[in-house]
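*Asks:*
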Amino acid sequence: KTFIAEIKQQFPEASHNCWAYQAGPPGDSRLIGCSDDGEPHGTAAKPMLNILLHAKIGELTAVVTRYYGGVKLGTGGLSRAYADAVKLALESLRVTEKVCYQQFFLDTGYSHWPQVEILLNQYQAENINAQYSDRVTVTFELDAQSLKPFEQKFINLTSGLGKLIELEKEKNSGAQH
Numbered sequence: 007k008t009f010i011a012e013i014k015q016q017f018p019e020a021s022h023n024c025w026a027y028q029a030g031p032p033g034d035s036r037l038i039g040c041s042d043d044g045e046p047h048g049t050a051a052k053p054m055l056n057i058l059l060h061a062k063i064g065e066l067t068a069v070v071t072r073y074y075g076g077v078k079l080g081t082g083g084l085s086r087a088y089a090d091a092v093k094l095a096l097e098s099l100r101v102t103e104k105v106c107y108q109q110f111f112l113d114t115g116y117s118h119w120p121q122v123e124i125l126l127n128q129y130q131a132e133n134i135n136a137q138y139s140d141r142v143t144v145t146f147e148l149d150a151q152s153l154k155p156f157e158q159k160f161i162n163l164t165s166g167l168g169k170l171i172e173l174e175k176e177k178n179s180g181a182q183h
């Protein structure tokens, strides 16, 4: 909403600053919003939002600024113009994949540690900090999408004797511009 307000401030003379956003992962319609900003209902925001939802990109906001030039486009023409503006913007969009990491703690016996260490490397665990006492305890970060298969393999490797605890969620992401 801040971005939309900034665009409206940047172009205060514009006839319309229509917008649409999709705040979740690609294709997710749970966190969406849109506004026709004075254009006839459904002629700007819905076509824009439809393009965003099918773009296979998440966490995205589009604002199309229009100055009325005296030519009436009609509802079909308006819809196409707004949808085409978003399509054109998406073609030049630089996208960076967002990866969410979760921090974990695991506890295992020395007999399982060599296999667990290999497993951590296979799943590209990051910020691994191992402590060695009567058992091996490790804090590490793992791509959230890898959790279920990692957890199953960890349970199998340790015959259910190891502990795996989620500590916190942390988002490491590249910005999408």
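Read left to right, the sequence shown gives residues 7 to 183 (our numbering).
Quick reminder that beta carbons are idealized off the backbone N, C-alpha and C, glycines included.
Since we're looking at a predicted model, the values are computed, not measured.
1. For Gly48 and Ile161, I'd like the C-alpha separation in whole angstroms.
2. Rounded C-beta distance between Ile10 and Val69? I'm assuming under 8 Å.
3. When you compare only the Cα positions, how much space is there between Asn23 and Val105?
4. Looking only at its chain, what residues have a beta carbon closer than 7 Å to the beta carbon of Val142, apart from the 5 residues adjacent to it on each side?
5. On the three-state DSSP scale, how would you describe Val77?
6. Ala89 and Ile57: beta carbons closer than 8 Å?
7. Can you tell me which of Ala20, Lys14, Ala131 puts its alpha carbon nearest to the alpha carbon of Tyr107?
8. For the alpha helix (DSSP H) that contains Ala11, what are its first and last residues?
9. Taking all protein chains shown into account, decide if Thr164 is buried (16 or more other Cβ within 10 angstroms of its Cβ) or exposed.
10. Determine the closest residue to Asp42 out of Ala61, Leu59, Pro32, Ser21, with distance taken between C-alpha atoms.
11. Where does the unbroken beta strand (DSSP E) through Val69 begin, and where does it stop?
12. Within the continuous alpha helix (DSSP H) that includes Lys62, where are the two ends?
13. Considering just the uninterrupted stretch of the beta strand (DSSP E) at Val101, what are its terminal residues?
14. Which residue or residues does DSSP assign as beta-bridge partners of Ile124?
15. On the CB-based measure, 16 or more other CB atoms within 10 Å of its CB, does Glu97 come out buried or exposed?
*Replies:* For this structure:
1. Counting from 1 along the sequence shown, the entry for residue 48 is found at position 42. Counting from 1 along the sequence shown, the entry for residue 161 is found at position 155. So the alpha carbons of these two residues sit roughly 52 Å apart.
2. The residue given as residue 10 occupies position 4 in the sequence shown. The residue given as residue 69 occupies position 63 in the sequence shown. Right, their Cβ atoms sit about 6 Å apart.
3. Taking the sequence shown and counting its residues from 1, the one referred to as residue 23 is at position 17. Taking the sequence shown and counting its residues from 1, the one referred to as residue 105 is at position 99. Taking the straight line joining both Cα atoms gives about 32 Å.
4. Walking along the sequence shown from the start, residue 142 turns up at place 136. Contacts found: Thr114, Tyr116, Trp119, Ala136.
5. Position 71 of the sequence shown, counting from 1, holds the residue named residue 77. In this structure, Val77 counts as coil in the three-state DSSP scheme.
6. Along the sequence shown, read from residue 1 onward, the residue named residue 89 stands at position 83. Along the sequence shown, read from residue 1 onward, the residue named residue 57 stands at position 51. Yes, the pair counts as a contact, with Cβ atoms nearer than the cut-off.
7. Counting from one through the sequence shown, the residue named residue 107 turns up at place 101. Residue Ala131 is the option with its Cα nearest to Tyr107.
8. For this step, residue 11 is matched to residue 5 along the sequence shown. Its alpha helix (DSSP H) spans residues 8 to 16.
9. If you number the sequence shown from 1, residue 164 lands on position 158. When all chains shown are included, Thr164 counts as buried.
10. To locate residue 42, count along the sequence shown from 1; it is residue 36. For Asp42, the nearest C-alpha among the options comes from Ser21.
11. Position 63 of the sequence shown holds residue 69. Where Val69 is concerned, the enclosing beta strand (DSSP E) stretches over 66 to 72.
12. Translated into positions along the sequence shown, residue 62 becomes position 56. Lys62 -> no alpha helix (DSSP H), and no H or E assigned at all.
13. Position 95 of the sequence shown, counted from the start, is the residue given in the question as residue 101. First-last for Val101: undefined, no H or E at that position.
14. The residue you call residue 124 lines up with position 118 of the sequence shown. Beta-bridge pairing links Ile124 to no other residue.
15. By one-based count along the sequence shown, residue 97 stands at place 91. The residue in question, Glu97, is exposed, as its Cβ has fewer than 16 Cβ neighbours within 10 Å.
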